[in-house]
Every structure is written in C-alpha cells, then in structure tokens.
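Plus 1434 on top of the position in the sequence shown (first one is 1) and you've got my numbering.
Backbone N, C-alpha and C define an ideal beta-carbon position, used for all residues, glycine too.
Down below is the structure, laid out as structure tokens.
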Amino acid sequence: MIFDYVYSIVSRFVFSPLSYIISFIIIAILAVIVTAFIPVFIGWVDRKYSARIQSRYGPVYVGPFGLLQNFADLTKMLGKRFIATNIDVLAFKFTPIVVATSSFAMLLLLPLGAPGLEFISIPYSLLFVYTLLAISPLLLLVAGWGENYKYALIGGFRGAAQIISYELALIIVLSSVALLSGSYSIPAIVAGQSSIWYGLYLPVTLLIFIISGLAIIEREPFDVPEASQELQAGWKVEYSGIRYGFFLIGDYVRVTVIAMLVTYLFLGGWLGPVLPGVLWFIIKAAIVLMIILTPRWIFGRPRIDQLIKFGWNWLLPLAILNLILVELFVVL
C-alpha cells in the first residue's frame, strides 16, 4: 500500500505518533492530486481523439497542446448560476457528490500500475469496486427524481433499466475470472496470468466484459439514458455548473476504471518482459482506453428496448454459459 511506502520514509525523520499524522496528510494530498489529474487527462485524451477522428484540432489554446483546457472548463463551471426550480433539494444537491465520490473510491481501491501502489488495500478489492459500480442505478433514479422534470425522470428510469440489464453479466464475468485465478484479489488475479493472459483463455469473456462495462458507464453507443435527440440530455438535463462537473468527472473516472479492470483481469496487468511493470500497465491500459473511446464513432445508438433485450436475451445467457465452461475447465 502507498501508505506503507510513505510512512517508511517519514518515520526516518519524525517519531510516532506524529509520523502517522504526517503520512496521512501526504497520502490525502497525493490522493487528491491523482483523482483530480486522471479524469482531467482522460477527458483531454477523449477530446483530442474525437477531434482526430473528425479531422479537427481539438483543444489547443489553454496550456501546451490544450492540456489545461479541462481545468479551464471546470473553473468556468464554478461560476455558473444555479437556475433549476421546483427540485428535490436533497436529492438534487447530493447525488452529484455521491457519484463523484463513489467513482474516486473505485480509483483509490485499484493498484496504480504495480502491486502495492494502491491508496486503499483490502483483500477483496474487486468485489468492492463492483459494489460501487452496482449502485449506479439507484443514483441515476435519485438524480432523475430530484430534478422534478419529465425527461430527467425518464432518463433515470432508462439508465437504471440499462445498468441492471448488464451488471448481472458483468458480475458473472468477474466470477469466471476469480474462479480461474482462485481469488477476488487483483494482485492474485494478475499473478495468475504469469504464463498466459486470461484474455487469450477467455476471449468471449473479455468481449462480454467490455460490452457490459460500456453499458454500465453509459459510453456511446450505450448513451440511451442521455439521448439528446429524445430526452434533452436525459437525467442530467437540469444540472449545470459544478454539479454537472461532478457528473462529468465521475464519467471519466469510470472510463478509467473499466480500462484498468480490463488490463488487470484479462491482459496480465503489469506483467511483461524487459520493460518496468508500470510502463507495461500504462501501455496496455492506453490501448484498452482507445478501444473504449472508439465505438461512439462507429456504431449508432440502439433503442432502449433493443439494448435491454440484448442484455437479457444474449449477453446474460452467454455469460452464464461461459461461467459453466470455466468451472468445468477448473474442475477437470
């Protein structure tokens, strides 16, 4: 855990219990920096990649190569006026904070490219990350309800129905990987891929995980709850300013989490020849991130009924069949 590294350095110069306090302060500062930098950087990558596909320049003016454009946008959001009326104040104000906080918690639970480089170390970190992903339907419903607007509520119902349709397939896929490795611990799962990646063992499982992950984080073409042509931005329609910024940051953090999970569960994480493990992890996660960002420019948005039927009628049975085959493989 990162705290152990920091404490081992601080304790050389400061005696306990002051060394614990200083270590916690340093860890808190590092956590804020990491959780602030990653979504802003991934947002910049998304905008530049989208611009490249559309033969545009993308952000170029604020900072070198436009790297500070998202910081400028967030600063602008701080000055936006709150104009929504007839809202449920509690639900409206606190849902964005909960969305951002739960997203940051997922990031802090995952190793940052090497074993021991996590801010929060727990034995079953994978299950905790899934739990934080699984509360998304409730948050979408509360957000849509709190706005007291018909399109927002419809978007919330759509989002909840969509996520519930795909999160069962996702947890079955996680169970398949855990069954193969014998653990729900990410370092143990990565260690189990020292000879061959699970993505080569289980290509169908990898595909199911990517599709389910895209649906759960509502990335295009699975952005039915926010379809602007139908619902005026869906369950986010009444949000503006920093509250909308919280949702935006949460979106990019979840994109990062899915890319990291694919890398850990199927691509061997930080394992690789010659190069340092952290560098291998960054290369693999960057490739997965590009794959996640690409479908929005290739596929059209399906209808909500088509999306839900695909989840229940095709993806879930395929995930169950895959789990049975993995269990037979492990037993035999």
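If we call anything under 8 Å between Cβ atoms a contact, is residue i one with residue j?
i	j	result
PRO1729	GLU1654	yes
LEU1573	VAL1533	yes
SER1610	LEU1757	yes
ILE1642	LEU1752	yes
LEU1546	THR1690	no
TYR1558	TYR1618	yes
VAL1576	LEU1705	no
ALA1539	GLY1580	no
PHE1715	THR1697	yes
LEU1608	LEU1648	no
TRP1478	GLY1593	no
VAL1496	GLN1503	yes
ILE1597	VAL1658	no
Which residues in the same chain as residue i place their Cβ atom closer than 7 Å to its Cβ, once the five residues preceding and following it in sequence are excluded?
i	result
MET1694	LEU1544, ALA1719
ILE1754	ILE1606
GLY1734	PRO1655
LEU1727	ASP1480, TYR1483
ILE1569	SER1536
TYR1632	VAL1611, LEU1614, LEU1699, PHE1700
PHE1505	VAL1474
ALA1465	LEU1542, PHE1553
GLY1702	VAL1624, GLN1627, TRP1631
By the DSSP assignment, the alpha helix (DSSP H) with residue i in it spans what residues?
i	result
ASP1657	Run containing ASP1657: none; DSSP gives neither H nor E here.
LEU1636	First-last for LEU1636: undefined, no H or E at that position.
PRO1545	Taken as a continuous stretch (DSSP letters only), PRO1545 belongs to no alpha helix (DSSP H), as it is neither H nor E.
VAL1696	1675-1700
ASP1522	Per DSSP, ASP1522 belongs to no alpha helix (DSSP H) and is neither H nor E.
ASN1747	That residue, ASN1747, is in no alpha helix (DSSP H); it is neither H nor E in DSSP.
LYS1432	Since the first residue of the chain shown is 1435 and the last is 1766, residue 1432 is not available in this structure.
SER1445	Unbroken run through SER1445: none, as it is neither H nor E.
PHE1471	1452-1487
ILE1623	1620-1625
THR1728	Here THR1728 belongs to no alpha helix (DSSP H), and DSSP marks it neither H nor E.
LYS1514	It is not in any alpha helix (DSSP H) - LYS1514 carries neither H nor E in the DSSP assignment.
GLY1590	1584-1615
VAL1563	1559-1568
Residue i: buried (16+ other C-beta within 10 angstroms of its C-beta) or exposed?
i	result
MET1724	exposed
PRO1571	buried
ASN1747	exposed
SER1599	buried
PRO1530	buried
ILE1650	buried
GLN1740	exposed
ALA1595	buried
PRO1498	exposed
ALA1603	buried
Once you ignore the five residues that flank residue i on each side, which residues in its own chain have a CB closer than 6 Å to its CB?
i	result
ILE1472	THR1690
ILE1683	PRO1473, ALA1534
ARG1677	PRO1530
Taking CB distances under 8 Å as the criterion, tell me whether residue i reaches chain B.
i	result
VAL1607	Chain labels in this structure do not include chain B; a single protein chain is all it has.
Kindly list the residues whose CB is nearer than 8 Å to the CB of residue i, restricted to its own chain and excluding five residues on each side of it in sequence; keep chain order.
i	result
GLU1761	LEU1613
GLY1616	ALA1622, GLY1626
ILE1521	GLY1580, GLU1581, ASN1582, GLU1672
ILE1556	LEU1543, PHE1562
Taking contact to mean 3 or more Cβ pairs, one atom from each stretch, closer than 8 Å, check whether the segment 1588-1605 and the segment 1498-1513 are in contact.
Between the segment 1588-1605 and the segment 1498-1513 there are fewer than three inter-stretch CB-CB distances shorter than 8 Å, so the stretches are not counted as touching.
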